[in-house]
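Quick note, the sequences are listed as chains A and B, same order.
The opening position of the first sequence corresponds to residue 1355 in the numbering used here, with each subsequent residue numbered one higher.
The opening position of the second sequence corresponds to residue 1355 in the numbering used here, with each subsequent residue numbered one higher.
Cβ coordinates follow ideal geometry from the N, Cα and C atoms, glycine included.
Since the structure comes first, as C-alpha cells, the remarks are kept for the end.
There are 2 protein chains.
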Amino acid sequence: MFEVAEVGQKLDRDTYDQLVPQLRERLLDVQFRLKSADFSVVIVIGGVEGAGKGETVNLLMEWLDTRGVAVHALAPQGHRTQEHPGLYRFWRELPPKGKIAIFFGSWYTRPIVDYVFRRSDELRFDRELSRIVDFELMLSNEGTLLLKFRLHISKKQQRHRLKKLKSSSRTAWRVTRNDWKFHAMYDHFRPVCSRALERTSTGHALWNIIEAADRRFRHATTAQRIVSAIEERLNRKPALPQPAAALPVPPRVNVIHSLDLRRKPDEQKYSDKLDKHQASLGHLARQLGGANRAVVVVFEGPDAAGKGGCIRRIVQALDARFYRVLPIAAPTDEERARPYLWRFWRHLPGRGHVAIYDRSWYGRVLVERIEELCTPNDWQRAYAEINSFEEQLVDSGIVLVKFWLAISPEEQLRRFQEREATGYKRYKLTGEDLRNREKWPAYEAAACEMFANTSTETAPWTLVEAEDKHYARVKVLKTLVDRVKSALNCDPKCHLKRRPK
Amino acid sequence: MFEVAEVGQKLDRDTYDQLVPQLRERLLDVQFRLKSADFSVVIVIGGVEGAGKGETVNLLMEWLDTRGVAVHALAPQGHRTQEHPGLYRFWRELPPKGKIAIFFGSWYTRPIVDYVFRRSDELRFDRELSRIVDFELMLSNEGTLLLKFRLHISKKQQRHRLKKLKSSSRTAWRVTRNDWKFHAMYDHFRPVCSRALERTSTGHALWNIIEAADRRFRHATTAQRIVSAIEERLNRKPALPQPAAALPVPPRVNVIHSLDLRRKPDEQKYSDKLDKHQASLGHLARQLGGANRAVVVVFEGPDAAGKGGCIRRIVQALDARFYRVLPIAAPTDEERARPYLWRFWRHLPGRGHVAIYDRSWYGRVLVERIEELCTPNDWQRAYAEINSFEEQLVDSGIVLVKFWLAISPEEQLRRFQEREATGYKRYKLTGEDLRNREKWPAYEAAACEMFANTSTETAPWTLVEAEDKHYARVKVLKTLVDRVKSALNCDPKCHLKRRPK
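What follows is the structure, given as C-alpha cells:
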C-alpha cells in the first residue's frame, strides 16, 4: 500500500512559493465558511517517526485561524492506567459543529503498537480495526468530515532523517531512544500499518497517503487535500428530506405480549427477598474497585412503569460516594453540537463506580424514532452504533445490565390517575400524556424491534413484568446481583470467547 | 466551638418516626420547586471519622429524588499528582441551576490535614482559609445556596463507635488503619478544625455543627436544616433591580493616555528580534513539563488592536501539541447555568501546556459592565474574585501573563476600513462597530479601573503600545520570554515571600 508514496515526488521552491499564498487564503476561507456550517472536521495525522507529523501540524496551525481549531496529542495509554474504553479519550475531544480538531496520535496508535509488540493477537487486532470502522462510519453519519493522513517515508529515509536531526544541537532533543527502537522495528510495523489502512480506508473515511520525504511536497499536498475536502463538503447540496416512515405496528404476538405482566411475588417473602438481594448487591459493589470493574444499569419502559422505584431500591444498597443516577432529558447545546452518543460517553463511570441511566441512548430508536426527531436513516443505523458502543463498555470491564419494565396501557392509566390524586407526587395528567398513549402500539413495536436488534450476547435485555411493583423490584435486584456476581468471577475479556450455554 | 455539639442531644424513636414522613415529603417538595429555580444547592458534609457522614449522605440520597442530585467524594490528592490548582476539582463538579451537589470530602480536607501533619505552616493554612472564604463568597454571590454541615462526636464516642463497627463482621471492613491513626490524632485535629470553622463560618456560608452521636437526632436535624434553608431561599423575594450605573468617564490623565502609542521598533532589526525571541520561547516551552509548570497568556484590548497577530507570532514558536488558543465568545447553556468563572476553570492547561485566551474573564469588568450584561454588584465584586482566581493559578505553578494592547480610536477606524477593503479579511464595518466606538471613553475608563484593581504583584498587567504592530509583537514576545524564564528559575511558591525590587 505504501509503494504509491515511494516514487520520489517533490516540489521545487518556486512552485511552492507560488502555491502557498493561494493555499493559505483558501484555507482561511473554508475555515470561515465552516464556522456557520452544520458539521465539524476531524483531521488525523499519522505516520512513522521522522516523517514530519509535528512540522505538518505546526504548519497547519500557522496557516489556519487558531481560534477555530484544537490539536489533541493523546499519547497511547498503558492498559493499567486505562479507566475507560479505549475510544473514550477521543470521544471526549470530538469538536462541536463549525470547528476543527487535529488528532496527533489517534485511535490507530494503540491497536497497531499492541499488535506489533505482541500484546494482542490477530483476533483482537481485527476486532479493533472493525471497531474503528464502526466509529468512523458513525462520525461520518453524524455529520463529521473525517480526513485521515498517513505521512510516509521509507526505512532508509527514516534513518537519514533521524541522523540529520541528531547531528544538530538545535534538533537533537527531538530524537529519543524510542525513535531508534521503532526504526529497528520498521519492517515489522510496515505490514501491520498497511493492513490497518487497507481495512479502514472506507468510502466515508479514505486514507490520504502522503509521500513525506520532501517537506514542500508534503505540506502543499496535505493542505491542498484539506482545502478541497472541506470546500467540497461546504458546496454539497443538502439532501432532500426523506418521507417520514409510517408508524410501526406491533406483530400480534410479540415478546412483550408474551410476558405475563401480572406476575406476583410471594408477598410474605417480599421484604426478606429484597433485603437479601440488597445485602448481596452492597457486598458485591464494594469489590468492584479492586476488580477494576464498573457497572452501568439502563432502565427503559413506558412512563409510570416504575423505573424510579426500582432505582431507589438499587441505590439503597449502595454507598452514595460510588453511584450516580443519570436522568436523560433534552440534550444541552454542547451535546447537540456533537455526535449523538457523546453525551453518554462523557458520563461513563470510573473504576468501582455504578452509573444508573434513567432512560438512555435507546431514546434514539424509541421516542426519537416515533416522534420523528431524527431521520429514518439515523435511527436505523443506531442499532449497530449502540451495539458497538455497548461492546466497548463490556470489553473495558463494565458490567452492563439493561432493563425494560413492561406494563399494560390500562395499568399506566391507573397509575397516572393515582399520581394525580396524590398531591405529593405533584402530577397533572396533560394532553401530552394522553397523546403519547395513543401511540402505544407504535412504541411497543419500536421496542420489540429494539430487543431484536440490541439484545446481544454481550449485553442482553432483561424484560421485567412490572404490573406488580414488588415483583418487578425483586426481579431487577436479583438480575443485577447475578450479573455482577458472574462478572466478578470471570475475566472481563472472556465474553468474547465464551459460547452461550 | 464544638462544645455546642457535646450536650447529649437525642431523639426518641417515636418522635423520629413521626417526623420522618413529613420531612421526606418536604424534602421532595423543595427539590421539585428547586428544579425551575435559578439557583443551585451545594451541600458540604464534613466531620471526624465515625461521625456517620456516609450514613447521613446515604440517607439523604434515599429521601431525595436521586435524579436531581449528585454526590462527589473527592479524596484528597497528593501534591505530586496535582496537575491543577487545589479548587479545580471542585469547580469542575459545581452543579447547574436547579440541581443539588453533595460534597463528601470537600475543599476543607486538604488544608486541615496538611496543617495537622505539618506539611504546611500557619501562614499557608491561613491563606488557604482566606481562599475558601473568597470561594464561598463567590459561590453565594453567583446564586449558589451553600449548606455546610460538620458532624461532631467526642473522642470517647469516636473510640466507642470504631470498636463497635470493628466488632461486627458486617461492618468491620469499614474501619481502616487510617481511622485509628486519625483517632490517635483527635486532639490535634480538634483545634485546627475549630479554627477552620471559625474562620469560614461567614454570613453567606454558616457552618451547621450537628451533634452526631445519636443517629436519629443527626439525621432529622440535618434534613430539617436542608429543607428550611432551601425553602427560605425559594420564598425569598427577588431583589429589586438596581438602577444602572452611569457610564464611567476616564480621568483626563490616565495610564493609557500616558503611553506613547506610536512607539516603533528599529525596523531593520524587527525580524532578527522576532526570530530571537521566538527561538527562546520555543526553548523555554519545552522545559515547562519537566518543571511542572504551565503558561496562561491573556489578551485584552479594543477590537482590531492586533491580538490575533500577536497570538500568531507566539504559537509559531510553540509545538502544536502543547498549546491551545481559547477564543472567548458567548457562554454555552451549560456554562450559563454555573458561576461566571466556571468556563475559564474548565479549560485550564495541564502541566507543560500553554493556554492563550483571546479575551478572557476580564470581559466581566469590561463589556459586561459597559453593556449592562450584569449588575453593578456583579462586576464590582469581580475584581476580588479575579484576583483570587489568578492567585490560585500562580500558586499552582502557572505562569500568568496578561497583555493589554492599546491603540487610539483613530487607529482603530483606520484598521476597520483597511479590513473592509481586504476581501480576504472578510470584514464589514457594521452599525454595532460604530456604536461601540461611541462608547470608547467608557471602555477606556473601565480598563483603567481594571488595571488599578487587578494589576497585582502576582499577576501584573503589561500594557503594550500597539499602533505599530511590529513594536507590539516584539514587546509581547520579549515580555513573555522574560516572565517564563524567571518563573522557571524560581520556586512556584516564592512569589508569596518575594519583595518587589
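Do residue i and residue j have their CB atoms nearer than 7 Å?
i	j	result
Leu-1759 of chain B	Gly-1660 of chain B	yes
Ala-1800 of chain B	Ile-1724 of chain B	yes
Phe-1503 of chain A	Thr-1576 of chain A	yes
Gly-1644 of chain A	Arg-1705 of chain A	no
Leu-1381 of chain A	Val-1581 of chain A	yes
Phe-1457 of chain B	Tyr-1469 of chain B	no
Gly-1355 of chain A	Leu-1483 of chain A	Residue identity check: residue 1355 of chain A is Met in the sequence provided, not Gly. It is not a contact, given that the beta carbons lie outside the stated cut-off.
Lys-1520 of chain B	Val-1529 of chain B	yes
Arg-1553 of chain B	Gly-1404 of chain B	no
Leu-1505 of chain A	Gly-1408 of chain A	no
Asn-1608 of chain B	Cys-1802 of chain B	yes
Glu-1726 of chain A	Glu-1765 of chain A	no
Ser-1634 of chain B	Ile-1682 of chain B	no
Tyr-1462 of chain B	Gly-1400 of chain B	yes
Starting from residue i, trace the beta strand (DSSP E) in both directions and tell me its first and last residue.
i	result
Ile-1682 of chain A	From DSSP, Ile-1682 of chain A is part of no beta strand (DSSP E); its letter is neither H nor E.
Phe-1698 of chain A	No beta strand (DSSP E) holds Phe-1698 of chain A; the alpha helix (DSSP H) holding it covers 1696–1699.
Lys-1502 of chain B	1499–1506
Gly-1644 of chain A	Careful: Gly-1644 of chain A lies outside any beta strand (DSSP E) and carries neither H nor E.
Val-1859 of chain A	With chain A represented from 1355 up to 1855, any question about residue 1859 of chain A goes unanswered, as that position is not in the structure.
Name the chain A residues that come within less than 7 Å of residue i, Cβ to Cβ?
i	result
Pro-1681 of chain B	Arg-1421
Gln-1670 of chain B	Glu-1416
Ile-1665 of chain B	Thr-1420
Asp-1712 of chain B	Arg-1421
Going along chain B, which residues have a C-beta under 9 Å from residue i?
i	result
Gly-1408 of chain A	Asp-1673, Ala-1674, Arg-1675
Val-1411 of chain A	Asp-1673, Ala-1674, Arg-1675
Below 8 Å CB to CB, which residues in the same chain sit around residue i once its five sequence neighbours on both sides are set aside?
i	result
Ser-1494 of chain A	Leu-1500, His-1558, Ala-1559
Pro-1854 of chain B	With a pLDDT of 45 at Pro-1854 of chain B, under the threshold of 50, the predicted position of this residue should be treated as unreliable, though the coordinate-derived value follows. Once the five neighbours on either side are set aside, the close Cβ partners of Pro-1854 of chain B are Glu-1811.
Glu-1688 of chain B	Pro-1450
Gln-1670 of chain A	Gln-1632
Asp-1419 of chain B	Leu-1382, Gln-1385, Phe-1386
Lys-1851 of chain A	Note on Lys-1851 of chain A: pLDDT 44, under 50, position unreliable in the model; no value is reported.
Ser-1840 of chain A	none
For a contact meaning CB atoms closer than 7 Å, what does residue i contact in chain B?
i	result
Ala-1427 of chain A	Arg-1675
Val-1838 of chain A	The contacting residues do not exist; Val-1838 of chain A stays about 18 Å from chain B at best.
Along chain B, which residues have their Cβ under 8 Å away from the Cβ of residue i?
i	result
Thr-1686 of chain A	Thr-1686, Asp-1687, Glu-1688
Asn-1495 of chain A	The premise fails here: Asn-1495 of chain A is roughly 24 Å from chain B at the closest Cβ pair, so nothing lies under 8 Å.
Arg-1678 of chain A	Ala-1424, Val-1425
Report all residues from its chain with a CB closer than 7 Å to the CB of residue i; omit the five preceding and five following residues, and keep chain order.
i	result
Asn-1741 of chain B	Thr-1808, Thr-1810
Val-1818 of chain B	Phe-1757, Trp-1758, Leu-1759, Ala-1760, Ala-1826, Lys-1829, Val-1830
Trp-1733 of chain A	Arg-1718, Val-1719, Glu-1722, Arg-1723
Ile-1584 of chain A	Val-1384, Leu-1388, Val-1395, Leu-1499
Arg-1587 of chain B	Phe-1393, Leu-1499
Round the Cβ separation of residue i and residue j to the nearest angstrom and send it over; I've been treating them as touching at under 8 Å.
i	j	result
His-1573 of chain B	Thr-1410 of chain B	6 Å
Asp-1712 of chain B	Arg-1421 of chain A	6 Å
Leu-1672 of chain B	Val-1650 of chain B	Between Val-1650 of chain B and Leu-1672 of chain B the Cβ distance is about 14 Å, and since that is not below 8 Å, they are no contact.
Met-1415 of chain B	Ala-1674 of chain A	5 Å
Pro-1763 of chain A	Arg-1791 of chain A	6 Å
Ser-1750 of chain B	His-1542 of chain B	Actually they are not in contact, since the Cβ atoms of Ser-1750 of chain B and His-1542 of chain B sit about 27 Å apart, beyond 8 Å.
Arg-1647 of chain A	Val-1753 of chain A	6 Å
Assuming residue i is part of the alpha helix (DSSP H), what are its boundary residues?
i	result
Ala-1738 of chain A	1730–1749
Using the beta-carbon of each residue, which ones in chain A are nearer than 8 Å to residue i?
i	result
Phe-1770 of chain B	Simply none; closest approach about 18 Å.
Phe-1458 of chain B	Ala-1674, Arg-1675
What residues in its chain sit with their C-beta under 6 Å from that of residue i, if we drop five residues either side in the sequence?
i	result
Lys-1364 of chain B	Asp-1568, Phe-1571
Val-1755 of chain B	Val-1651, Leu-1834, Arg-1837
Ala-1427 of chain B	Phe-1458, Gly-1459
Ala-1536 of chain A	The question names Ala, but residue 1536 of chain A in the sequence shown is Phe. Once the five neighbours on either side are set aside, the close Cβ partners of Phe-1536 of chain A are Glu-1403.
Cys-1664 of chain B	Arg-1827, Val-1830
Lys-1509 of chain A	Tyr-1540
Ile-1710 of chain A	Val-1651, Ile-1665, Val-1679
Val-1423 of chain B	Ile-1454
Phe-1653 of chain B	Lys-1661, Asp-1712, Phe-1757
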